[in-house]
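Each residue of the sequence shown is one higher than the one before, counting from 18 in this note's numbering.
Glycine is no exception: its CB is placed at the ideal position from the N, C-alpha and C atoms.
Bear in mind the structure is a predicted one, so any value in this text is a computation, not a measurement.
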Amino acid sequence: MHLTSTPARLLRGMGCWMLIAALVAVIGCSSEPAPTLPVVIVPPPTATPAPPGTTTQPTDAVVQPSDSPTSTTTATPSTEETQSAPAETPVYPAPPSPLNANDLDFLPDDPTALMYAALDQSVAQVGRKMAYSRNDAFIPVLLEFMRFQQNEEALLTLASFMVRIRDKIPEEEFTIVPDGQGSWDWWQKWLAQHPEVTPPEGYDGWKGQLFSFIDPAMGEFMYDGVPATIRLEEIVWGGVRRDGIPDLRFPPHLSPEEATYLQPGDRVFGVSINGEHRAYPLRVLNAHEMANDIVGGVQFALAY
């Protein structure tokens, strides 16, 4: 189950994705090592010891230990009789708890604390506790991890957590993900249609910290108490580093009569502020994905 990976490993393994946000924001002038997957240590077979005072028959081979789990054992003849001794019971580390363990008491109950626990604990375990709480506030949190997940089984597991929360399914009952509801895209659209579903307190700073696993500079955009007029849970980042795609900054403008390169069917983004109007052709903005400009005396950013 790939969900055992911590977010740091999960996010660092991703490439760059397309930036898919559609918003017009009016702004001011300002622009661990992850733990490895659990390993179950299986004790090697041991021979039954002979009764004290007896000797064993000569063995055909002595097995030499190997550092490689895939290498074969090496056999060397042995003709000496050996005196057996009571075998000591080997001590092996206890295997980790299974990912479907119901004992999640070590995780915090507070929604904000549990949300932050997902940054350094197993997402599978934290997500299960979120699901058992049936608290709608955790749907935006689980959706963030779904965005950066590629494994189909892990996607389905995260979707089942959100279905359990949404449908208030009791802990003792199985969860079945309806057809079509196992993708990030479906749940992102669902969240957009349910403004009453809001994340836990501190989500703004948590989301900035999550994105900073890829680019630390992203923490400068989202932090605790960041002023916002849009839903932060709807902000989607494709993974491009800050300034990785040069934005269009205060471009020169042409009159409609001078813009002879445009065709009648070309799409434009229209902006009107304080009686001043501006059109930004898609064919120009497409290479930049963002424009910074001043219209009607107001500095703004246009992104799509």
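Under the 10 Å beta carbon count, residue 206 is surrounded by fewer than 16 other beta carbons and is classified as exposed.
One Cα belongs to residue 290, the other to residue 203, and the distance between them is close to 34 Å. Rounded to whole angstroms, residue 257 and residue 232 show a C-alpha spacing of 9 Å. The continuous beta strand (DSSP E) containing residue 289 extends over residues 285-290.
The shortest CA-to-CA distance from residue 178 to any of 312, 130, 125 and 160 is the one to 160.
Where residue 227 is concerned, the enclosing alpha helix (DSSP H) starts and stops at 220-228.
Taking each of 315, 242 and 279 in turn and checking the Cα distance to residue 222, the smallest one comes out for 242.
Residue 211 is not bridged by DSSP to any residue. With fewer than 16 other Cβ atoms from the protein chains shown falling within 10 Å of its own Cβ, residue 273 counts as exposed.
Here residue 157 has 208, 214, 215, 216, 220 and 250 as same chain residues with Cβ atoms under 8 Å from its own Cβ, once five neighbours each way along the sequence are excluded. Here the region 190-202 lies against the region 168-175, with 3 or more beta-carbon pairs under 8 Å apart. Minimum Cα-Cα distance from residue 152 among the listed residues 185, 279 and 133 corresponds to 185.
The beta carbon of residue 148 sits closer than 7 Å to those of 178, 181 and 182, all from its chain and outside the five residues before and after it, given in chain order. Assigned with DSSP and collapsed to three states, residue 279 falls in coil, not helix or strand. DSSP, read as helix, strand or coil, puts residue 205 in helix.
No residue range can be given for residue 190, since it is assigned to no beta strand (DSSP E) and is classified by DSSP as neither H nor E.
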